[in-house]
Amino acid sequence: MANDLVTRNNDWFDPLFVDDWDRFFNRGFKSVNNMLTDVKETKDNYTVAVDIPGVDKKQIHLDYHNDELKVSYHNEHTNEEKDKEGHVIHSERKYGSFQRIYTFPDINPEEITAEYVDGVLHITLPKRKPAERDAKRIEIK
1 MANDLVTRNN DWFDPLFVDD WDRFFNRGFK SVNNMLTDVK ETKDNYTVAV
51 DIPGVDKKQI HLDYHNDELK VSYHNEHTNE EKDKEGHVIH SERKYGSFQR
101 IYTFPDINPE EITAEYVDGV LHITLPKRKP AERDAKRIEI K
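Residue numbers (UniProt numbering): 1 to 141.
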């Protein structure tokens, strides 16, 4: 019976608090564009795929500096459906500035390439080749 009371108490507590808490925070996180990303590494390079759907390629900026790759964009949507009085009924369009920074050390920045296809930004970051060291026999005097 004591266990039933605790279980019932937890059942009462969850819907009133936890579900609302989750709804409050999850709603906020779902509305943020976090640029879903896949990163793969091979012997010679890294490949990065970043989801940026619905954005004009001209609005996307890609910079590599001090081992950091920064992907950023500014997006504006002006096509809003309005009711007869000119009020927006519902809008889920994302607009504003977004950025994400990734760390990739030992990259050859001059050889980085990028392509934007079907809402996905594909970036290839070639790794620097290890410096070849000259072998030399040293004469002992």
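Every residue gets a Cβ at the ideal spot worked out from N, C-alpha and C, and that includes glycine. Owing to the predicted nature of the structure, the values given are computational and were not obtained by experimental measurement.
Cβ-Cβ distance between residue i and residue j below 8 Å
i      : j      : result
Asp38  : Ala49  : yes
His61  : Tyr73  : yes
Met35  : Arg137 : no
Leu125 : Ile107 : yes
Thr113 : Asp67  : no
Gly96  : Ile52  : no
Tyr116 : Lys57  : yes
Per DSSP, the bridge partner or partners of residue i
i           : result
Asp63       : Lys70
Lys127      : Ile107
residue 213 : Outside the shown range of the chain (1 to 141) lies residue 213, about which nothing can therefore be said.
Gly96       : Asn75
Asp51       : Val120
Three-state class that DSSP yields for residue i in the structure shown
i           : result
Lys58       : helix
Glu76       : coil
Glu110      : helix
residue 142 : This structure does not reach residue 142, given that the chain is present from 1 up to 141, and the question cannot be answered.
His90       : coil
query: Per the contact definition of three or more C-beta pairs closer than 8 Å, is the region 82-90 in contact with the region 114-133?
result: Using a Cβ-Cβ distance cut-off of 8 Å, the region 114-133 and the region 82-90 are not in contact, since fewer than three pairs of beta carbons, one from each stretch, lie closer than that value.
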